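First residue of the sequence shown: 761, per our numbering; consecutive thereafter.
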Amino acid sequence: MTTAGKATFDPARGGSGKNEKSYTLLSKQFSSRDMPGQLKLKSRVPGQDTQEELKLKNFRQELIEREAEAKRKREAALAAESAQVPKELEVGSSDSEVESDDDEAETAALLAELQRIREERAEVKAKKEAEEREQAEKNKVNSAISGNPLLDPEQSNFLVKRKWNDDVIFKNCAKDRDKKQKPYFINDMIRSDFHRRFMDRYVK
């Protein structure tokens, strides 16, 4: 048998000291996190921007000094960049005019060639769009003609689809219907031709 239902006699017996066997007393154990941690009142120290310290500061002078420092750093960086520029561009200034003329001629030729290519592409695109438009019109006309069998002389032997209520029970139930009509199928045994003939012959 299991021992899960037995009373916990030994653990519940408790200690032998005073009031250690009473379960109504509060526990003497507590967590270290429940103990007081900050036992002294915190006070401000110099450098925390108190109101007295802010009154003594000159914000305008500090802003002017920071702007001057930033300007000095920026000028030093520009001077370092200008010192690193190669001096090879200053040499050979006599050939610069001839090279500039050749560059202008090449640029003009390239621009003319680019314009010609753009015109050719625009012409091809316009021609393609016209062909697509014409083909779409032809397809539209063909679909309209083929969709209507009365306009298509070649497709004269079209079949009319049967309606969904062709073989329902309460259809063609009039007594004076044509007797010479062709035999047909009806899914109602009482209104079938055989049943009508049987009733006319043996019941009336």
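Glycine included, every Cβ here is placed at the ideal spot set by N, Cα and C. Since we're looking at a predicted model, the values are computed, not measured.
Residues near residue i in its chain [Cβ-Cβ closer than 8 Å; skip 5 each side]
i    : result
F790 : none
R876 : none
Three-state secondary structure assigned by DSSP to residue i
i    : result
A764 : coil
S842 : helix
K885 : helix
S952 : coil
F958 : helix
N902 : helix
K833 : helix
D863 : helix
Same chain, Cβ closer than 7 Å to residue i, five either side skipped, listed in chain order
i    : result
T810 : R804
Proximal residues to residue i (C-beta, below 6 Å), its chain only, five neighbours per side dropped
i    : result
L874 : none
Please specify which runs of the alpha helix (DSSP H), each continuous and at least 4 residues long, are wholly inside the stretch 789 to 830, giving them in chain order. Within the stretch 789 to 830, the complete alpha helix (DSSP H) runs of at least 4 residues are 811 to 816.
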